[in-house]
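Participant: Under this note's numbering, the first residue of the sequence shown is numbered 67, with each subsequent residue one higher.
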Amino acid sequence: MGVGEKIGSFFVQCRRVWHVLRKPTGEEFASIAKVSAIGIAGIGLIGFIISDVIKFFT
(Lines of atoms letter the chains of each structure in order from A and count residues from 1; the text may use other names and numbers.)
(Lines give C-alpha, C1' and ligand atoms only; values in the text may rest on other atoms or scores of the structure.)
Protein backbone atom coordinates (compact mmCIF):
# COMPACT_ATOMS: atom_id res chain seq x y z
CA MET A 1 0.00 0.00 0.00
CA GLY A 2 1.61 3.22 -1.17
CA VAL A 3 1.52 6.62 0.41
CA GLY A 4 -1.12 7.81 -2.05
CA GLU A 5 -3.40 4.90 -1.19
CA LYS A 6 -2.96 5.53 2.55
CA ILE A 7 -3.83 9.21 2.14
CA GLY A 8 -6.84 8.33 -0.01
CA SER A 9 -8.02 5.77 2.54
CA PHE A 10 -7.61 8.34 5.31
CA PHE A 11 -9.79 10.86 3.48
CA VAL A 12 -12.44 8.22 2.79
CA GLN A 13 -12.57 7.43 6.51
CA CYS A 14 -12.70 11.15 7.38
CA ARG A 15 -15.61 11.67 4.99
CA ARG A 16 -17.46 8.72 6.52
CA VAL A 17 -17.09 10.21 10.02
CA TRP A 18 -18.05 13.68 8.76
CA HIS A 19 -21.39 12.33 7.49
CA VAL A 20 -22.21 10.85 10.92
CA LEU A 21 -21.35 13.99 12.91
CA ARG A 22 -24.07 16.16 14.37
CA LYS A 23 -24.17 19.19 16.62
CA PRO A 24 -24.73 18.27 20.29
CA THR A 25 -27.86 19.52 21.99
CA GLY A 26 -27.58 22.05 24.79
CA GLU A 27 -28.17 19.33 27.37
CA GLU A 28 -25.44 17.12 25.89
CA PHE A 29 -23.02 20.02 25.76
CA ALA A 30 -23.74 20.96 29.38
CA SER A 31 -23.17 17.41 30.61
CA ILE A 32 -19.92 17.10 28.63
CA ALA A 33 -18.74 20.44 30.03
CA LYS A 34 -19.56 19.37 33.60
CA VAL A 35 -17.74 16.06 33.28
CA SER A 36 -14.73 17.77 31.71
CA ALA A 37 -14.63 20.41 34.46
CA ILE A 38 -14.85 17.74 37.17
CA GLY A 39 -12.03 15.78 35.52
CA ILE A 40 -9.79 18.83 35.20
CA ALA A 41 -10.47 19.82 38.81
CA GLY A 42 -9.78 16.25 39.96
CA ILE A 43 -6.44 16.11 38.17
CA GLY A 44 -5.53 19.52 39.58
CA LEU A 45 -6.46 18.40 43.09
CA ILE A 46 -4.36 15.26 42.77
CA GLY A 47 -1.41 17.36 41.59
CA PHE A 48 -1.87 19.79 44.47
CA ILE A 49 -1.99 16.96 47.02
CA ILE A 50 1.14 15.34 45.58
CA SER A 51 2.90 18.72 45.63
CA ASP A 52 1.94 19.29 49.27
CA VAL A 53 3.10 15.81 50.29
CA ILE A 54 6.45 16.34 48.57
CA LYS A 55 6.88 19.76 50.21
CA PHE A 56 5.96 18.29 53.61
CA PHE A 57 8.65 15.59 53.42
CA THR A 58 11.44 17.81 52.05
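Built from N, CA and C at the ideal position, the CB exists for glycine as well.
Pull up the distance between the alpha-carbon of C80 and that of V86, whole angstroms please.
Facilitator: Cα to Cα, the separation comes out at about 10 Å.
Participant: Classify L111 as helix, strand or coil using the three-state DSSP reduction.
Facilitator: DSSP places L111 in helix when its eight states are reduced to three.
Participant: Alpha carbon to alpha carbon, how far is W84 from V119? Give it in angstroms, no decimals.
Facilitator: 47 Å
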